[in-house]
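Enquirer:
2 protein chains.
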Amino acid sequence: MAQSSQKINMADVARAAGVSMATASRALNNENGVAEATRRRVLAVAEELSYVVSPEASRLAGGDTGRVAVVVPHISRWFFAALLEGLESVLRAADLDVLLYHVDGIEDRHDFFHRLPARRKVDAVVVLAFPVGEEEQRRLGLMGVTIIAAGGQHAPYPNVSINDETAGRQAMDHLLFLGHRRIAMIAAVDPDQPDEVQPSGRSNAYYAALRDAGIPLDERLVVTVDWGGDQGADAMAKLLSRPEPPTAVYAHSDEVALGAIRTLRRAGLRIPEDLSVIGIDDHPVAELTDLTTVRQPVREQGELAGRMLLSILRGEETEHDVVVPTQLVIRGSTAPPRS
Amino acid sequence: MAQSSQKINMADVARAAGVSMATASRALNNENGVAEATRRRVLAVAEELSYVVSPEASRLAGGDTGRVAVVVPHISRWFFAALLEGLESVLRAADLDVLLYHVDGIEDRHDFFHRLPARRKVDAVVVLAFPVGEEEQRRLGLMGVTIIAAGGQHAPYPNVSINDETAGRQAMDHLLFLGHRRIAMIAAVDPDQPDEVQPSGRSNAYYAALRDAGIPLDERLVVTVDWGGDQGADAMAKLLSRPEPPTAVYAHSDEVALGAIRTLRRAGLRIPEDLSVIGIDDHPVAELTDLTTVRQPVREQGELAGRMLLSILRGEETEHDVVVPTQLVIRGSTAPPRS
DNA sequence: TTCGGCAACGGAAACGCTTCCGAAACGACC
DNA sequence: GGTCGTTTCGGAAGCGTTTCCGTTGCCGAA
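Chains A and B, in that order, are what the protein sequence lines are. Residue numbering for the first sequence follows full-length UniProt numbering, beginning at 1 and increasing consecutively. Residue numbering for the second sequence follows full-length UniProt numbering, beginning at 1 and increasing consecutively.
1) To the nearest whole angstrom, what separates the beta carbons of residue 145 (chain B) and residue 70 (chain B), a pair I think is in contact under 8 Å?
2) Check residue 328 (chain B) in the structure and name its three-state DSSP category.
3) So with CB distances below 8 Å, who are the chain A contacts of residue 102 (chain B)?
4) Compare the C-beta of residue 284 (chain A) with all C-beta atoms of chain B and state if any pair is closer than 9 Å.
5) Which residue from B:134, B:336, B:10 puts its Cα closest to that of residue 247 (chain B)?
6) Can you tell me whether residue 3 (chain A) is helix, strand or coil according to DSSP?
7) Look up residue 183 (chain A) in the DSSP assignment and give the residues it is bridged to.
8) Using a Cβ-Cβ cut-off of less than 9 Å, list which residues of the stretch 116-150 of chain A approach chain B; keep chain order.
9) Kindly indicate which residue of A:34, A:191, A:89, A:74 has the alpha-carbon position closest to the one of residue 310 (chain A).
10) Could you tell me the distance, in whole angstroms, from the CA atom of residue 101 (chain A) to the CA atom of residue 81 (chain A)?
11) With a cut-off of 9 Å, does the C-beta of residue 276 (chain A) fall near any C-beta of chain B?
12) Between residue 305 (chain B) and the rest of its own chain, which residues show a CB-CB distance below 7 Å, the 5 nearest in sequence each way excluded?
13) Locate the alpha helix (DSSP H) running through residue 311 (chain B), then write down its first and last residues.
14) Quick check on residue 8 (chain A): does DSSP put it in helix, strand or coil?
15) Just to make sure I have the definition right: I need the residues of chain A whose C-beta is within less than 9 Å of the C-beta of residue 68 (chain B). Which are they?
16) Determine, using beta-carbon pairs with one atom in the stretch 259-274 of chain A and one in the stretch 223-236 of chain A, whether at least three such pairs fall under 8 Å.
17) Could you name the residues of the same chain whose beta carbon sits closer than 7 Å to that of residue 98 (chain A), not counting the 5 residues immediately before and after it, in chain order?
18) Is the stretch 174-188 of chain A touching the stretch 235-246 of chain A in the sense that three or more CB pairs, one from each, lie closer than 8 Å?
19) Can you name, in chain order, every residue of its own chain whose Cβ lies under 8 Å from the Cβ of residue 223 (chain A), other than the five neighbours on each side?
20) Please confirm whether residue 76 (chain A) and residue 84 (chain B) have their CB atoms less than 9 Å apart.
21) Rounded C-beta distance between residue 201 (chain B) and residue 168 (chain B)? I'm assuming under 8 Å.
22) Exposed or buried, residue 320 (chain B), counting other C-beta atoms within 10 Å across all chains shown (16 or more means buried)?
23) Check distances from the C-beta atoms of the stretch 44-72 of chain A to those of chain B and list, in chain order, the residues that come in under 7 Å.
24) Can you give me the start and stop residues for the alpha helix (DSSP H) that residue 77 (chain B) sits inside?
25) Since residue 161 (chain A) is in the beta strand (DSSP E), which residue starts that stretch and which ends it?
26) Considering only residues of the same chain and omitting the five flanking positions on each side of residue 157 (chain A), which have a CB-CB separation below 6 Å?
27) Across the stretch 319-334 of chain A and the stretch 291-307 of chain A, are there enough close Cβ pairs to call them in contact, namely three or more that are closer than 8 Å?
28) Identify the contact partners of residue 38 (chain B) in chain A, using a Cβ-Cβ distance below 9 Å as the criterion.
29) Residues bridged to residue 97 (chain B) by DSSP?
30) For residue 368 (chain B), report the span of its alpha helix (DSSP H) as first-last.
31) Which residue from A:255, A:277, A:278, A:302 puts its Cα closest to that of residue 284 (chain A)?
32) Leaving out five residues before and five after residue 74 (chain A) in sequence, what residues of the same chain have Cβ atoms less than 6 Å from its Cβ?
33) Closer than 9 Å by beta-carbon distance: list the chain A residues that pair up with residue 99 (chain B), in chain order.
34) State the start and end residues of the unbroken beta strand (DSSP E) segment that holds residue 23 (chain B).
35) With three or more beta-carbon pairs closer than 8 Å as the criterion, would you say the stretch 54-69 of chain B touches the stretch 117-135 of chain B?
36) List, from N- to C-terminal side, the alpha helix (DSSP H) runs of 4 residues or more that fit wholly inside the stretch 123-178 of chain A.
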């Protein structure tokens with residue numbers, strides 16, 4: 001049976017149903033202008049012949065592509081993958097296909113915006129945690145498709161994200177509340193992102209929190225590193241070598257925090273007895289390593305972005321900036337400072 | 001300049017290059033029968049106009065889609081994401097677009113193979129770490145496209161993977177070499193995969209290693225759990241409650257190992273002084289947590305699969321089963337048993 | 001009876017490419 | 001110089017839909 005499904009096209013269906021192709025097309029697409037009886041007949045014949053439209057021909061002749069491009073700077077890092085997972089789930093539920101574009105590093109990035117490989121291939125593009133510069137926005141613009149963003153900072157496009165400064169404050173306030181006053185910060189930046197962007201709300205939170213608590217800033221307690229756990233380990237080593245080491249460390253991400261912890265453990269320090277460490281994100285391993293952190297709903301951000309896109313595609317209005325809440329998760333890596 | 005790029009098609013390119021569409025098409029597709037000079041001119045013009053072929057038209061007219069579907073059971077777990085990352089990188093370098101299909105859970109899985117959403121949309125499908133059953137193979141078959149696999153076990157399709165049993169042996173042999181004789185195993189299975197598959201080489205390795213070492217099997221030392229770190233933690237608790245607890249734990253994955261370690265630490269046990277733990281995979285956090293493990297090159301498997309696919313698509317012959325080597329990575333979670 | 005209007009439907013022109021087939025150009029070789 | 005084989009290239013026929021315009025038939029109103 002299945003093998004006989006050779007090459008039936010709409011013309012065959014139309015003929016078998018005794019109508020013109022125009023009518024067949026309208027019936028199949030549930031457009032109006034077709035008598036109910038006729039529609040049913042066409043549908044029945046189509047089913048009988050197990051006919052499916054050719055997406056290419058359909059698109060060529062004027063329909064949508066039914067595809068959306070997703071641009072991500074990283075795939076194998078949990079945060080990005082989780083975002084993607086959320087997005088994909090709602091898009092595919094809506095029968096949209098997801099075209100994945102991994103833009104890795106500055107060169108690839110340039111190439112992407114230059115060649116616009118997704119051009120003419122999709123109905124929309126969503127940029128995941130991917131700050132786009134001015135010029136890049138212009139380039140994207142000439143694809144002439146809907147654009148939305150997720151997981152990054154606010155953008156000129158409809159977008160969903162968290163408030164980094166709030167998240168940072170939740171972490172810092174927790175440390176402060178426990179009584180810490182010598183708090184270090186390991187700030188992380190993504191070397192793949194152009195410098196122009198990243199006004200780091202997570203850093204601002206640190207400064208603001210100290211100021212509000214009346215604690216003078218000690219520049220030697222903040223270290224900035226490229227993203228990554230190893231970097232976190234190095235940063236911690238640096239911090240440990242300060243004349244007056246901190247009693248707590250605020251890391252911009254859980255991975256960095258984990259790196260810091262490794263250094264601490266190797267140095268024979270106990271956590272949280274000797275030193276408290278807090279991260280941000282609530283990476284799955286945070287739970288496995290008893291790391292106190294600030295959770296952000298990652299998959300949900302992806303899903304939200306997906307729904308947003310769907311309504312835009314349907315021509316509905318949507319919010320422009322949606323911000324999802326973060327939440328302090330207290331686990332075993334933080335405690336009051338030692339007497 | 002760029003904004004005038006509204007609707008350029010191959011006819012425009014041909015005209016601008018002073019050739020016919022036939023020639024333009026041949027040049028763009030790197031077919032032969034075109035003078036080198038001509039080809040270069042066409043390519044230059046195309047670049048200049050930032051032209052990209054319409055996949056629909058191309059496909060409709062008989063060419064291929066330039067797209068490949070990637071089917072994954074999970075996205076946000078490191079292993080799968082890394083595989084995907086490797087694959088995507090080589091595919092995109094070859095100017096192939098990647099259509100991502102996340103098949104999540106048994107229901108979704110059924111739906112996927114039933115509806116075959118990728119049908120008529122791609123030139124090939126690669127299944128990532130995704131054992132496919134007999135019936136599913138049949139369904140896939142009637143898509144009539146190339147199929148390859150990566151990151152799973154051997155398959156009826158060309159595929160790349162590691163030897164799970166070898167990997168397991170490397171882990172076990174390390175423990176044995178250190179002098180451990182009471183070794184526990186925490187076996188992990190993926191609840192999303194049908195039971196029929198998964199003949200777990202990682203488990204076989206455990207039994208074989210013990211046998212070869214002349215150590216009698218103690219059933220109470222093996223616990224099987226669903227995949228996931230929390231499960232690992234529970235399993236470890238169970239192991240700890242045994243009358244004669246193990247001196248070392250062999251976990252099927254790093255995540256599971258991490259879960260086990262959390263339980264150990266919470267119980268006040270030190271690693272590796274009181275107990276050794278070894279995992280498999282070399283998840284990035286393994287390095288951050290000083291976990292001894294057996295590394296498998298994940299991204300590389302994805303890349304390999306990609307190259308394999310490319311040559312098949314080019315009509316070349318390739319190996320059917322390629323197996324990549326694994327390697328013991330000794331870090332701080334294993335040591336000789338206490339006295 | 002005639003006519004305007006409307007719903008249902010058909011003809012045929014795109015849509016943007018690939019590819020078959022034949023023409024032209026160019027050497028090489030007798 | 002003529003013949004033949006290669007290359008290189010152009011004309012044009014599809015590929016399977018959608019959609020713009022018409023046409024037809026029918027009903028109610030004038």
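Note that the Cβ used here is the ideal one computed from N, Cα and C, for glycine as well.
Expert: Let me lay it out:
1) About 13 Å separates the two Cβ atoms, so there is no contact after all.
2) strand
3) 85, 88, 89, 92
4) yes
5) Closest in C-alpha terms to residue 247 (chain B), from the list B:134, B:336, B:10, comes B:336.
6) For residue 3 (chain A), the predicted structure reports a pLDDT of 36, less than 50, and the residue's modelled location is therefore unreliable. The matter cannot be settled from this model.
7) A:248
8) Against chain B - using a Cβ distance shorter than 9 Å - the residues of the stretch 116-150 of chain A are 116, 117, 118, 119, 120, 121, 138, 139, 141, 142, 144.
9) A:89
10) Near 13 Å, if we compare the C-alpha coordinates of residue 81 (chain A) and residue 101 (chain A).
11) no
12) 87, 126, 148, 150, 160
13) 298-313
14) coil
15) Near residue 68 (chain B) there are no residues of chain A at all, since even the closest Cβ is about 11 Å away, more than 9 Å.
16) yes
17) 68, 70, 88, 91, 92
18) yes
19) The answer, listed in chain order, is 184, 185, 186, 187, 235, 238, 239.
20) yes
21) 6 Å
22) exposed
23) 54, 55, 56, 57, 59, 60
24) Residue 77 (chain B) -> no alpha helix (DSSP H), and no H or E assigned at all.
25) Its beta strand (DSSP E) spans residues 159-162.
26) 147, 148, 149
27) yes
28) Correct list: empty, because the minimum Cβ distance to chain A is about 22 Å.
29) B:67
30) Nothing can be reported for residue 368 (chain B), as the shown portion of chain B is limited to 1 through 339.
31) A:255
32) 80
33) 67, 97, 98, 99, 100
34) Annotation for residue 23 (chain B): no beta strand (DSSP E) segment contains it, though the alpha helix (DSSP H) segment containing it runs 21-28.
35) Segments in contact, yes.
36) 134-141, 164-178
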